[in-house]
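Inspection log for the structure reproduced underneath, given as structure tokens.
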Amino acid sequence: MNRFTGKTVIVTGSSKGIGAATARRFAGEGANVVLNSRSRADCEALAAELDDDRTLIVEGDVAERAFADEIMAKTLEKFGALDVLVNNAGVVKPSLMVDATDEDIDVQIGVNLKSVIYLSRAALPELAKTKGCIVNTSSVSGIRGDFGMPIYNATKGGVDNLTRALALQLGPQKIRVNAVNPSHTRTNMTDGMENHGPLMEDFNTRMPLGEPADPDDIAGPILFLASDDARMITGVCLPVDGGVTASNGQPNFMKYF
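With this note's numbering applied, the sequence shown closes on residue 1045, and no number is skipped along the way.
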């Protein structure tokens, strides 16, 4: 498929994991792709796989307000327009609330939530011209709470409601805003969990499909939401979670009978 030929896409946090898979898929379908990480070197390996004429690296911290203007300016300088913004950058620092440091709080709010606000605001004038769209990478942690990630839960809940509110506000301009809500996905952020057998057994038990996602499993729905196939979909926070959120949280009593 070449659903994005001639279109320009920004993917934040695109050096690894879901972001890299998403950028690779967009490029494979013809898009101009803007890669982002705090370090240019982190994006260069992925950029080497892609068409140089259709690839731009803009390194920088998405939590900084000024960076949103910078990435937009460089995108327009090279490609002249913006069609899709994928707010994918994220960070998690698990802790009990009593143990959360000021730095832990500020980093998670900055990267997970403030960056989505800053980048969306900066992109809106261009998306209005192209009738483009925004896709946010949220989490099932934005839908329900976790036992040890209260700040992360707060930021992802904020992303979900920001997604809905912007969809309402921007619909008249034909700008669509959606989110994907993954559960456990095999990325560099979850390497420690993958090596913890009992923890992964618990995760797999809670997932009706019985296994974590790979980054491509999340990239596919992101591309769908960004495509014309989803032109009547906006304000949706789509669980891509192996069925985790299908449960009401009660134990599987059937295994006792």
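Note that the Cβ used here is the ideal one computed from N, Cα and C, for glycine as well.
Using a threshold of 9 Å, state whether the C-beta atoms of N966 and K944 are closer than that.
-> No.
Whole alpha helix (DSSP H) runs in the segment 790 to 821 with 4 or more residues, listed along the chain?
-> DSSP runs (the alpha helix (DSSP H)) wholly in the segment 790 to 821: 805 to 816.
What do you reckon, are the CB atoms on N790 and S803 nearer than 9 Å?
-> Cβ atoms of N790 and S803: not closer than 9 Å.
What is the residue span of the alpha helix (DSSP H) that I734 lies within?
-> This structure cannot settle anything about residue 734, because the visible part of the chain is limited to 789 through 1045.
Return the residue from the list V799, I939 and A808 that minimises the CA-CA distance to R974.
-> Closest by alpha carbon: A808.
Short Cβ contact (9 Å threshold) for T951 with G1023 | Yes, Cβ-Cβ distance for T951 and G1023 is below 9 Å.
Return the chain-ordered list of same chain residues with a C-beta closer than 6 Å to the C-beta of G801, the five sequence neighbours on each side being excluded.
-> Within the same chain, G801 has close Cβ partners G807, N876 and A877.
Please name the residue in P938, P986, A851 and N1036 whose C-alpha comes closest to that of S903.
-> Looking at the Cα atoms, A851 is the closest of the given residues.
Local Cβ density within 10 Å of A819, reported as buried at 16 or more and exposed below that | Label assigned to A819: buried.
Unbroken beta strand (DSSP E) run spanning T925, endpoints | T925 -> beta strand (DSSP E) spans C921 to T925.
As assigned by DSSP and simplified to three states, the class of T973 = Reduced to three states, the DSSP call for T973 is strand.
Do R813 and D1017 have their C-beta atoms closer together than 9 Å?
-> The Cβ atoms of R813 and D1017 do not sit closer than 9 Å to each other.
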